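Mapping of the sequence shown onto UniProt numbering: residues 1 to 157, in sequence order. A virtual CB, placed ideally from N, CA and C, is assigned to each residue, including glycine. Bear in mind that the values here come from a model prediction, so they are computed numbers and not experimental data. Step one of this worksheet: look at the structure below.
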Amino acid sequence: MSKKLVAFFSASGTTKKVAEMIAEEVKADLFEIEPKVPYTKLDLDWMNKKSRSSVEMSDKKYRPAIMKKEMDMSSYDEILLGFPIWWYVAPTIINTFLEAYDFSGKKIVLFATSGGSGFGNTVKELQSSAPDAVITEGRLLNRGTKQEISEWVNSYF
Numbered sequence: 001m002s003k004k005l006v007a008f009f010s011a012s013g014t015t016k017k018v019a020e021m022i023a024e025e026v027k028a029d030l031f032e033i034e035p036k037v038p039y040t041k042l043d044l045d046w047m048n049k050k051s052r053s054s055v056e057m058s059d060k061k062y063r064p065a066i067m068k069k070e071m072d073m074s075s076y077d078e079i080l081l082g083f084p085i086w087w088y089v090a091p092t093i094i095n096t097f098l099e100a101y102d103f104s105g106k107k108i109v110l111f112a113t114s115g116g117s118g119f120g121n122t123v124k125e126l127q128s129s130a131p132d133a134v135i136t137e138g139r140l141l142n143r144g145t146k147q148e149i150s151e152w153v154n155s156y157f
C-alpha cells in the first residue's frame with residue numbers, strides 16, 4: 001500500500017474543507033501550502049486588475065513565497081494536490097510548492113475547486129515545476145460533499 005499525502009492551498013477555506021475530507025477518506029497525511037503573506041479579500045478580487053492575485057496570475061513566472069516546512073517527500077508515493085482554480089489554471093503558488101520539494105518519481109493527482117471554470121492548461125503549466133513527476137488531472141470537487149469525494153477517491157485509488 002502506498003503512502004499518500006494531501007497537499008493543498010486554500011485562499012478562502014473552500015479547498016481546505018475538501019482536502020480534509022479527502023485526507024480522511026484515503027487515510028493520508030495533510031499538508032497546507034501557506035503563503036508567507038496571507039491573501040486578503042482585496043487580494044483575491046479578480047475583477048481588479050491591480051489586485052495581488054491578478055498581478056501574480058498575469059505573470060506565469062511569478063512565484064509567491066510560501067512558508068517552507070520540513071517535509072520528507074521521499075516517504076510519499078502519491079500526492080493529491082488541491083487548489084482553487086484561478087484564471088482557468090492553478091495559482092502560481094502551486095508552482096512555488098512544486099519547485100520547493102523533490103517530486104522525482106512521484107505520482108501527483110490534482111483536485112480543485114472552482115466557481116465555474118475547469119482545469120484548462122493546469123497540468124501543462126505545472127509539469128515544468130515538477131518535471132520528474134507524473135502529474136494527472138484529477139477532478140473538480142466544487143460541491144465538496146462527502147459522497148462526491150468518496151466516489152472519486154474510491155474510483156481512482
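Three or more beta-carbon pairs separated by less than 8 Å link the segment 5-12 to the segment 77-93, which places the two stretches in contact. Relative to residue 90, the option among 150, 40, 129 and 144 whose CA is nearest is 129. With the rule of 3 Cβ pairs closer than 8 Å, the segment 67-81 does not count as touching the segment 37-54. DSSP, read as helix, strand or coil, puts residue 93 in helix.
Setting aside the 5 residues that flank it on each side, residue 15 is surrounded in the same chain by 8, 9, 82, 83, 84, 112 and 113, each with a C-beta closer than 8 Å to its C-beta; the list follows chain order.
Within the DSSP bridge table, the entry for residue 7 names 31 and 81 as partners. Bridge pairing for residue 112: 83 and 140 [DSSP].
Per DSSP, residue 48 lies in no alpha helix (DSSP H) segment and is marked neither H nor E.
Annotation: the continuous alpha helix (DSSP H) that includes residue 126 extends over 122-127.
With a contact defined as Cβ atoms closer than 8 Å, residue 120 and residue 88 qualify at about 4 Å. When DSSP states are grouped into helix, strand and coil, residue 37 belongs to the coil group.
Going by DSSP, residue 12 is part of no alpha helix (DSSP H) at all; its letter is neither H nor E.
It is roughly 16 Å from the alpha-carbon of residue 65 to the alpha-carbon of residue 44.
Less than 8 Å divides the Cβ of residue 149 from the Cβ of residue 25. Only buried fits residue 56, as 16 or more other CB atoms lie within 10 angstroms of its CB.
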